[in-house]
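First up is the structure itself, then whatever we jot down about it.
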Ligand code: AHR
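Residue numbers (our numbering): 172 to 502.
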């Protein structure tokens with residue numbers, strides 16, 4: 172198979188391979204059975220969380236197992252937009268068939284996606300989205316409804332603290348300017364406000380979706396505000412929540428009891444903390460969409476059109492679900 176043949180050869184040869192099976196030359200748009208397959212460039216955000224690693228593994232494994240895909244060129248951009256832009260530019264130079272981009276932040280994509288459009292290479296967004304003004308520059312986005320995730324966290328908060336005079340909240344936000352950070356915030360406060368919960372957002376800062384970031388910001392929260400009057404920590408992902416739990420324990424408090432905690436993702440480590448009583452609610456964000464993405468890549472290369480957003484399925488988990496759900500977690 173071409174995929175196997177390409178695995179051990181250099182960039183120059185790869186360039187030839189990519190050009191030879193470029194979608195511009197394939198008027199049928201159907202690579203199945205053609206014997207060569209598609210070359211796909213994937214500019215991934217980084218490796219900042221268990222979620223991200225699971226997502227990279229899922230996409231790479233699905234591409235490897237899929238005979239319609241000749242090669243997946245994978246770039247880990249280390250949470251750096253410049254590196255992602257450079258990766259996309261390289262994909263364009265190599266004339267890959269389809270570009271998959273998981274944009275680290277929402278803005279700043281107009282020029283590079285314009286270049287992809289000029290080159291006639293379709294772009295699929297995976298996971299995160301970009302600003303609406305650039306909507307014409309990609310075919311579709313496959314990923315989570317982050318606003319809905321925020322709403323789910325908000326709904327549990329409203330139900331849990333309905334009888335309180337005023338709920339005092341700390342928030343650990345994801346990477347500044349990223350779609351999940353922006354949208355999880357929007358959805359959360361939309362529900363708190365529309366349901367009329369009386370609350371006080373005591374502090375809200377970014378922990379950059381990492382455990383170290385979550386721990387260090389939580390330490391700052393604790394030294395600035397203490398923990399005695401705080402009811403809830405809303406962490407935009409598992410890693411930051413787990414880092415914060417460490418900081419709370421080091422401050423001599425009991426996570427899950429002295430302060431209730433919501434996390435988003437649903438990794439094994441997140442569920443283990445929940446089974447131990449340290450997390451009170453989990454909003455799932457599903458990274459395992461490699462197979463769906465490969466189907467989409469093939470259809471997009473064949474010229475099919477799609478709605479601008481294709482949502483992956485995800486649930487929510489409360490205290491009653493943690494133990495039963497833990498063995499099912501895939502990452
Ligand atoms: O974009 C998805 C988010 O990115 C996940 O919630 C988080 O863990 C990751 O870093």
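All C-beta atoms, glycine included, are put in the ideal place defined by N, C-alpha and C.
### Query
Looking at the unbroken alpha helix (DSSP H) that takes in residue 317, where does it start and where does it end?
By one-based count along the chain shown, residue 317 stands at place 146. Residue 317 -> alpha helix (DSSP H) spans 317-331.
Count the other CB atoms within 10 Å of the CB of residue 332; is the residue buried (16 or more) or exposed (fewer)? Taking the chain shown and counting its residues from 1, one reaches residue 332 at position 161. Per the 10 Å Cβ criterion, buried.
Outcome for residue 391 when other beta-carbon atoms lying within 10 angstroms are tallied against a minimum of 16: For the purposes of this step, residue 391 is taken as the residue at position 220 of the chain shown. Answer is exposed; the Cβ neighbour count stays below 16.
Sequence-distant residues of its chain with Cβ nearer than 7 Å to residue 197 (five each side left out): Within the chain shown, the letter at position 26 stands for residue 197. Here the model assigns residue 197 a pLDDT of 38, short of 50, so the residue's position is not dependable and the matter cannot be decided.
Within 10 angstroms of the Cβ of residue 499, are there 16 or more other Cβ atoms? Answer buried if so, exposed if not.
-> To locate residue 499, count along the chain shown from 1; it is residue 328. Exposed, because fewer than 16 other Cβ atoms sit within 10 Å of the Cβ of residue 499.
Spatial distance of residue 440 from residue 287 (CA atoms) = Taking the first residue of the chain shown as position 1, residue 440 is located at position 269. Taking the first residue of the chain shown as position 1, residue 287 is located at position 116. About 39 Å.
TODO: Within its chain, find whatever has a CB closer than 7 Å to the CB of residue 460; leave out the 5 residues flanking it on each side and keep chain order.
DONE: Here the question's residue 460 lines up with position 289 in the chain shown. Excluding positions up to five away in sequence, the list reads 229, 313 and 483.
Within 10 angstroms of the Cβ of residue 479, are there 16 or more other Cβ atoms? Answer buried if so, exposed if not.
Here residue 479 corresponds to residue number 308 of the chain shown, with the count starting at 1. With fewer than 16 Cβ atoms within 10 Å of its Cβ, residue 479 is classed as exposed.
Practice problem: Could you check what DSSP says for residue 266 in three-state terms: helix, strand or coil? | Solution: Numbered from its first residue, the chain shown carries residue 266 at position 95. Three-state DSSP puts residue 266 in coil, outside helix and strand.
message: Once the 5 residues before and after residue 374 are set aside, which same chain residues still bring their CB inside 8 Å of it?
response: Taking the first residue of the chain shown as 1, we reach residue 374 at position 203. The residues are 341, 342, 392, 395 and 396.
Checklist entry - Considering only C-alpha positions, which residue in the set 398, 490, 469 and 348 is nearest to residue 243? => result Mapped onto the chain shown, residue 243 falls at position 72. The residue with the shortest Cα to Cα distance from residue 243 is 469.
Just to be sure I understand the criterion: a residue counts if its Cβ is closer than 6 Å to at least one heavy atom of the ligand AHR. Which residues meet that? 219, 220, 222, 223, 298, 299, 351, 380, 408, 435, 436 and 456
- residue 227, buried or exposed, once every other Cβ within 10 Å from all chains shown has been counted against 16: In the chain shown, the residue the question calls residue 227 occupies position 56. Label assigned to residue 227: buried.
Taking only the alpha-carbon atoms, compute the straight-line gap between residue 486 and residue 431 and give it to the nearest angstrom. Here residue 486 corresponds to residue number 315 of the chain shown, with the count starting at 1. Here residue 431 corresponds to residue number 260 of the chain shown, with the count starting at 1. Straight-line Cα distance between these residues: approximately 20 Å.
Margin query: If you reduce the DSSP assignment to three classes, tell me which class residue 502 lands in.
Written below: Indexing the chain shown from 1 puts residue 502 at position 331. Three-state DSSP puts residue 502 in coil, outside helix and strand.
*Which whole-angstrom value describes the C-beta separation of residue 247 and residue 208, a residue pair presumed to lie in contact below a C-beta threshold of 8 Å?*
For this step, residue 247 is matched to residue 76 along the chain shown. For this step, residue 208 is matched to residue 37 along the chain shown. Their Cβ separation, rounded to whole angstroms, is 23 Å, which puts residue 247 and residue 208 out of contact at 8 Å.
**Entirely enclosed alpha helix (DSSP H) segments - the region 402-475, minimum 4 residues** = 409-421, 439-446 and 461-472
Nearest-angstrom Cα distance between residue 496 and residue 381?
By one-based count along the chain shown, residue 496 stands at place 325. By one-based count along the chain shown, residue 381 stands at place 210. So the alpha carbons of these two residues sit roughly 24 Å apart.
Using the Cα positions of residue 279 and residue 334, report the straight-line distance between them to the nearest angstrom.
The sequence position of residue 279 within the chain shown is 108, counting from 1. The sequence position of residue 334 within the chain shown is 163, counting from 1. In a straight line, the C-alpha of residue 279 is about 44 Å away from that of residue 334.
Problem set entry | Distance between residue 265 and residue 446 (C-alpha atoms, nearest Å) | Here residue 446 corresponds to residue number 275 of the chain shown, with the count starting at 1. Here residue 265 corresponds to residue number 94 of the chain shown, with the count starting at 1. When rounded, the distance between both Cα atoms is 48 Å.
Notebook entry, point to check: Under three-state DSSP, which class holds residue 290?
Noted result: Indexing the chain shown from 1 puts residue 290 at position 119. Here residue 290 sits in coil by DSSP.
Buried or exposed for residue 344, please, with buried defined as at least 16 other CB atoms from any protein chain shown within 10 angstroms of its CB. Translated into the one-based positions of the chain shown, residue 344 becomes position 173. Counting Cβ neighbours within 10 Å, residue 344 comes out buried, since at least 16 surround it.
With residue 209 as the anchor, note down where its beta strand (DSSP E) starts and where it stops. Taking the first residue of the chain shown as position 1, residue 209 is located at position 38. Residue 209 -> beta strand (DSSP E) spans 209-215.
- Task: Report the partner residues of residue 503 according to the DSSP bridge assignment.
- Result: Since the first residue of the chain shown is 172 and the last is 502, residue 503 is not available in this structure.
Closer than 9 Å, CB to CB, is residue 461 near chain D or not?
The chain labelled as chain D is not found in the depicted structure, where only one protein chain is given.
message = Please list the terminal residues of the continuous beta strand (DSSP E) segment that includes residue 338.
response = Here residue 338 refers to the residue found at position 167 when the chain shown is read from its first residue. Note, residue 338: beta strand (DSSP E), 338-344.
Problem set entry | Rounded C-alpha distance that separates residue 481 from residue 467 | In the chain shown, the residue the question calls residue 481 occupies position 310. In the chain shown, the residue the question calls residue 467 occupies position 296. Near 10 Å, if we compare the C-alpha coordinates of residue 467 and residue 481.
If you follow the alpha helix (DSSP H) that residue 240 is in, where does it begin and where does it stop? For the purposes of this step, residue 240 is identified with residue 69 of the chain shown, where counting begins at 1. Counting along the chain, residue 240 falls outside any alpha helix (DSSP H), though it belongs to the beta strand (DSSP E) covering 240-247.
Tell me where the beta strand (DSSP E) around residue 372 begins and ends.
Within the chain shown, residue 372 is the residue found at index 201, counting from 1. 370-377 is the extent of the beta strand (DSSP E) around residue 372.
Item to check | CB-CB length for residue 363 against residue 325, believed under 8 Å | outcome: Taking the first residue of the chain shown as 1, we reach residue 363 at position 192. Taking the first residue of the chain shown as 1, we reach residue 325 at position 154. The Cβ separation is near 5 Å, so the contact holds.
- Query: Hey, is the region 297-304 in contact with the region 270-278, meaning 3+ C-beta pairs nearer than 8 Å?
  - Reply: yes
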